[in-house]
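Asker: In this note's numbering, the protein residues as written are 4 to 110.
Questions regarding the structure given below will be posed in turn.
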Amino acid sequence: MIVAIAAAGACAADDVPEVPVGPDGFPDRELVAGRQVYIDRCANCHGNDGGGGRGTRISDGRMITQYPNVADQIEIIADGVRSMPAFAEVLDAGEITAVVRYTREVL
């Protein structure tokens, strides 16, 4: 049973967009970390591809449009809003910055 649940979780992570490789042939490490935070903390509500679900749609550049100032998006993740929980006590500043970059640059 546990193996089946772990396998289902691993398959779900396959649907989360990968970080593209950069000019050096490697993906940006901070974006890779942001993807992992997204998988662990965000995809359950916002959807694997950011298309929404229980949470708001955040893909297709919506985060940049809605929060042109990166600090505003960081504040939303840290402090929460409406039904979205606050993550300031769960994620450190580096993880929050990484997931913000991932949602803005990859989703």
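Built from N, CA and C at the ideal position, the CB exists for glycine as well.
Got a sec? Which residues, its chain only, sit under 7 Å from I61 by beta carbon, not counting five neighbours each side?
Answerer: Correct list, in chain order: H49, G53, T106 and L110.
Asker: Drop a sphere of 10 angstroms on the beta-carbon of Q69, count the other beta-carbons inside from all chains shown, and report buried for 16 or more, exposed for fewer.
Answerer: Label assigned to Q69: exposed.
Asker: Could you tell me if G37 is buried or exposed, where buried requires 16 or more neighbouring beta carbons within 10 angstroms of its beta carbon?
Answerer: Counting Cβ neighbours within 10 Å, G37 comes out buried, since at least 16 surround it.
Asker: Counting along the chain, where does the alpha helix (DSSP H) carrying V35 start and finish?
Answerer: Segment R32 to V40, the alpha helix (DSSP H) holding V35.
Asker: Verify whether the separation of the beta carbon atoms of V103 and I77 is less than 9 Å.
Answerer: Yes. Within cutoff.
Asker: If I follow the unbroken alpha helix (DSSP H) through Y70, where does it start and stop?
Answerer: Looking at the DSSP string, Y70 is not in any alpha helix (DSSP H), and its letter there is neither H nor E.
Asker: In three-state DSSP terms, what is V84?
Answerer: V84 falls in the strand class under three-state DSSP.
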